[in-house]
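So the structure is just underneath, and the comments pick up after that.
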Amino acid sequence: MTKDQIKKARTLLAKARVNEENKIVIVESFTEGRTGSLSLMDYPETMALFKYLEDMTGQPPSQSDKSKRKILSLAHEMKWHIPGTRRVDMERVNNFFISKLKHPLDDLNVGDLNKAVTMFSKVHVGYLNGI
1 MTKDQIKKAR TLLAKARVNE ENKIVIVESF TEGRTGSLSL MDYPETMALF
51 KYLEDMTGQP PSQSDKSKRK ILSLAHEMKW HIPGTRRVDM ERVNNFFISK
101 LKHPLDDLNV GDLNKAVTMF SKVHVGYLNG I
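First residue of the sequence shown: 1, per this note's numbering; consecutive thereafter.
Structure (structure tokens):
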């Protein structure tokens, strides 16, 4: 999780009135017990946590988060997983966007995210046509 994502997570946790002990339990539930620390969460875990906390607090997700979630969903459908797991291979996703837009997914601005969703949707259609 990036520093900005940690700030967002802490803000959402505060709005949900989650104390430190419960925060650890929630984080562990999203990391399958791997960690109780926000900073050690990977990207898909972070996005899932944000969705959970946004639903809990009634705060709508940002347009950026919606776009990123769409991309992760498509990557999951295309089985862009870490070998032996069902977790999205963020290195592969980031390398794709670095090659196309010169930045990893998390560093794309809103305008580039719109392009990224369109671009990745076309890759997804190609994947579906190849099945």
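Even for Gly, the Cβ is constructed at its ideal location relative to N, Cα and C. These numbers come from a predicted model, not from an experiment.
- In the displayed model, His-103 falls within coil according to three-state DSSP, outside both helix and strand.
- Below 8 Å, too few C-beta pairs join the region 21-32 and the region 64-77 to call them touching: fewer than three.
- DSSP places Thr-57 in the uninterrupted alpha helix (DSSP H) bounded by 43-57.
- In the same chain as Gln-63, and ignoring 5 residues on each side of it, the C-beta atoms closer than 7 Å to its own belong to Val-110, in chain order.
- Contact check between the region 10-18 and the region 48-57: three or more CB pairs, one atom from each, fall below 8 Å, which counts as touching.
- Counting the other Cβ atoms within 10 Å of the Cβ of Ala-14 gives fewer than 16, which makes it exposed.
- The DSSP-derived three-state label of Val-93 is helix.
- Between Tyr-127 and Met-78, the alpha-carbon positions lie close to 7 Å from each other.
- Leu-128: member of the alpha helix (DSSP H) spanning 110-130, first to last residue.
- Val-88 sits in a strand when the DSSP states are folded into three classes.
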